[in-house]
Amino acid sequence: SEFMADDIASKLCSFQLSDRESSAIDIASADINLSAADCSRSLMGKIISQKRANLIGLRRAVTQIWHTKGPITVKEISPNFFQFVFSDEADKTKVSNGIGWAFENQFLVLRDWKEDISPENPEFSEMDMWVQAWNLPLNWVSTEVGLKISKAFQSTKDVQIPQGGFLAGKCIRLLVSVDLTQPMLRCASIKLESKSLLVHFKYEKLISLCYYYGMLGHIDKNCNKRAIDISDGTLKEGLYGDWMKAQEFPYFASSSLVATSSPFNHFSSPSQRISIKGNNPIVNLAQSTPAPNSPNPSDSNHVSPSQAKLSEPIHTDSPPDNSIPFTSHIHLMECDKPINHSKHMEAPSPKFSISLGNKKKKILQTICNNLRVGDCWDSVEPVGRSGGLFICWSSETKVINIIKHPFCLEVEFWDDDKASICWGIFIYASTDNQIRKQQWSHLILAKPKWGNNWFLGGDLNDILIQQEKKGGRNRSPSSFLPLLDFVSNMGMLEIPMEGHPFTWGNNRDAEGYVEKKLDRIFGSLSWNTLYPNATVHNIFK
1 SEFMADDIAS KLCSFQLSDR ESSAIDIASA DINLSAADCS RSLMGKIISQ KRANLIGLRR
61 AVTQIWHTKG PITVKEISPN FFQFVFSDEA DKTKVSNGIG WAFENQFLVL RDWKEDISPE
121 NPEFSEMDMW VQAWNLPLNW VSTEVGLKIS KAFQSTKDVQ IPQGGFLAGK CIRLLVSVDL
181 TQPMLRCASI KLESKSLLVH FKYEKLISLC YYYGMLGHID KNCNKRAIDI SDGTLKEGLY
241 GDWMKAQEFP YFASSSLVAT SSPFNHFSSP SQRISIKGNN PIVNLAQSTP APNSPNPSDS
301 NHVSPSQAKL SEPIHTDSPP DNSIPFTSHI HLMECDKPIN HSKHMEAPSP KFSISLGNKK
361 KKILQTICNN LRVGDCWDSV EPVGRSGGLF ICWSSETKVI NIIKHPFCLE VEFWDDDKAS
421 ICWGIFIYAS TDNQIRKQQW SHLILAKPKW GNNWFLGGDL NDILIQQEKK GGRNRSPSSF
481 LPLLDFVSNM GMLEIPMEGH PFTWGNNRDA EGYVEKKLDR IFGSLSWNTL YPNATVHNIF
541 K
């Protein structure tokens with residue numbers, strides 16, 4: 001078992017020390033100047049999770065995300081408690097003031113370093129979040145009412161009254177400090193003279209919420225209280241749920257105008273707000289980095305949504321100078337090996353299905369007819385006994401362009417609901433490590449043309465951590481680095497997957513059986529903002 005440093009110190013104080021052990025060693029102030037300087041440029045971070053975070057993954061993620069002028073040193077002080085040492089004070093200030101963060105779908109709370117700081121300190125028991133207050137009469141939607149409603153929380157930093165778009169007149173947005181030691185507030189009772197009502201709360205960027213107990217940092221299947229209540233026969237389901245997650249919109253306005261200065265603010269237009277403490281609004285970037293600007297629909301290489309040919313897919317091969325050559329006989333998993341995994345991603349719009357394996361065209365057309373998508377499908381042809389790629393989409397989805405590669409399909413489409421161009425990248429990565437690295441390089445080079453709104457997924461034929469494999473031999477830590485580097489360089493967030501935790505099995509008996517999470521879907525920051533409730537349903541098993 002692991003001991004914290006202070007636990008060991010307390011234990012040693014109870015011992016009778018020898019003369020050599022009790023003899024004090026003098027140190028001078030000059031001896032600690034360098035360490036003190038490092039600490040003064042440090043932020044301490046606590047990840048709110050029962051699962052231990054991966055130091056290597058965290059180090060690579062923050063280096064990619066924060067875009068600092070100088071290097072960052074990340075040290076693990078204790079499980080899920082880290083020190084981030086900045087070489088530049090301005091970098092530290094930018095990160096500290098600009099954004100609230102999450103890593104691997106768990107909140108990361110950042111605080112300035114101070115002596116004797118520890119994860120048990122009170123400042124790590126609260127976190128800023130945007131909360132929407134709903135169920136208010138139109139004439140009650142005001143800044144003053146918002147300020148009073150926000151008293152239900154620890155403290156208030158911002159109040160916004162949306163003036164346009166879907167949220168206009170329907171809710172009040174509050175930037176408040178949430179108590180992490182208590183279940184999330186679901187509602188508050190308010191009263192005006194003889195009239196009273198319940199205001200219900202919806203939380204923006206809400207992740208890792210226990211739907212049984214309402215606590216952050218774990219989900220209901222890992223809830224100790226739920227296990228106790230099951231054994232006691234006092235189980236009460238449905239007290240918390242998805243209805244506490246807010247649907248978010250990138251454009252909003254509120255009651256009074258102040259400038260926003262956060263360098264990481266992902267909203268495309270300045271917002272109007274009343275500032276309580278002058279803090280910038282938090283934006284949960286998780287493991288993502290801002291993507292390039294979206295392609296302009298008016299550019300010559302894009303199709304306007306009003307043009308008739310948008311209703312039909314256009315099939316093109318990628319230009320030779322934009323692709324990396326691959327040998328066709330090794331880019332896909334051999335189909336004579338058991339492949340019993342597939343899944344589809346659900347989002348508000350559009351919907352794509354992925355099916356991996358060797359499918360002949362007539363079978364694919366039959367499948368499409370059964371799905372009532374007609375000719376709205378495409379594929380990468382199988383080579384010999386190697387598999388292929390097949391995608392299909394609803395007839396309402398306006399596909400602009402499909403770029404084919406031996407291991408992936410890049411699909412450009414227009415989203416009417418969001419009035420923007422999006423990309424879906426469907427991949428079937430090689431089982432060969434070197435070929436797979438080339439494929440990752442190809443996708444990194446292709447990323448700029450996708451703009452802001454894109455998702456990428458399919459069979460990656462690799463895993464990120466040892467826990468994504470069950471059975472067989474353990475892998476060396478260094479073997480995970482190529483995929484970790486790829487995810488970090490792409491600046492993408494994994495879309496939560498529901499169902500069985502593994503997506504592939506080798507169909508062997510008992511001791512020889514191995515399962516892995518080879519398939520997954522990632523989304524850009526902007527995609528996750530547009531579709532905050534998107535999930536991946538794993539139908540393996």
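For the sequence shown, the UniProt record's numbering assigns the number 1 to the initial residue and increments by one for each residue that follows.
We treat Cβ as the ideally placed atom computed from N, Cα and C, and that holds for glycine.
Treat the numbers as computed from the prediction; the structure is a model and nothing was measured.
Own chain residues within Cβ distance below 6 angstroms of residue i, not counting five before or after
i, result
"H218", "Q50, C210"
"S14", "none"
"V514", "G471, G472, N506"
"C368", "W377, C392"
"P79", "R52"
"I66", "The identity of residue 66 in the sequence shown is Trp, whereas the question assumes Ile. So the qualifying residues of the chain are V95."
"E123", "R111"
"D415", "C422"
"W440", "F486"
"K245", "L206"
Per DSSP, cross-strand counterpart(s) of residue i
i, result
"N401", "E412"
"M497", "V536"
"G471", "In the DSSP output, where bridge partners are listed per residue, G471 has none listed."
"L209", "L216"
"K245", "Y203"
"K516", "K469, W504"
Beta-carbon gap between residue i and residue j smaller than 7 angstroms
i, j, result
"G57", "L484", "yes"
"R41", "E89", "yes"
"H537", "G505", "no"
"K517", "E468", "yes"
"residue 555", "M127", "Given a span of 1 to 541 for the chain in the structure shown, any question on residue 555 remains unanswerable."
"F540", "T503", "yes"
"L175", "W130", "yes"
"I48", "L216", "yes"
"P482", "K449", "no"
"W134", "C171", "yes"
"Q154", "K202", "no"
"S125", "L180", "yes"
"I72", "F84", "yes"
"G458", "F407", "no"
"A429", "N452", "no"
"R226", "Y212", "yes"
"T143", "S150", "no"
"L235", "D242", "no"
"C39", "W113", "yes"
Segment limits, alpha helix (DSSP H) that includes residue i
i, result
"T156", "No alpha helix (DSSP H) holds T156; the beta strand (DSSP E) holding it covers 155 to 160."
"I149", "143 to 149"
"residue 548", "Absent from the model: residue 548. The displayed extent of the chain is 1 to 541, so no value can be given."
"D19", "19 to 22"
"F486", "481 to 490"
N-terminal and C-terminal residue of the beta strand (DSSP E) that residue i is part of
i, result
"residue 558", "Only positions 1 to 541 of the chain appear in the structure, and residue 558 is not among them; the question remains open."
"A133", "126 to 134"
"R520", "519 to 523"
"S420", "420 to 428"
"G457", "454 to 459"
Cβ shell of residue i (< 7 angstroms), same chain only, five flanking positions each side left out
i, result
"L17", "none"
"L364", "W377, S379, F390"
"N54", "I465"
Contacting residues, own chain, Cβ-Cβ under 8 angstroms from residue i (five flanking each side not counted)
i, result
"E115", "none"
"G70", "F86, S87, D88, D91"
"R60", "L484, D485, S488"
Short CB-CB distance (under 7 angstroms) between residue i and chain B
i, result
"V62", "The chain labelled as chain B is not found in the depicted structure, where only one protein chain is given."
- Message: Please give the ranges of any alpha helix (DSSP H) in the UniProt domain "DUF4283" (36 to 120), keeping only runs that are unbroken, at least 4 residues long and fully inside the region.
- Response: 55 to 66, 89 to 98
- Query: Which whole runs of the alpha helix (DSSP H) in the region 167 to 205 are 4 residues long or more, in chain order?
  - Reply: none
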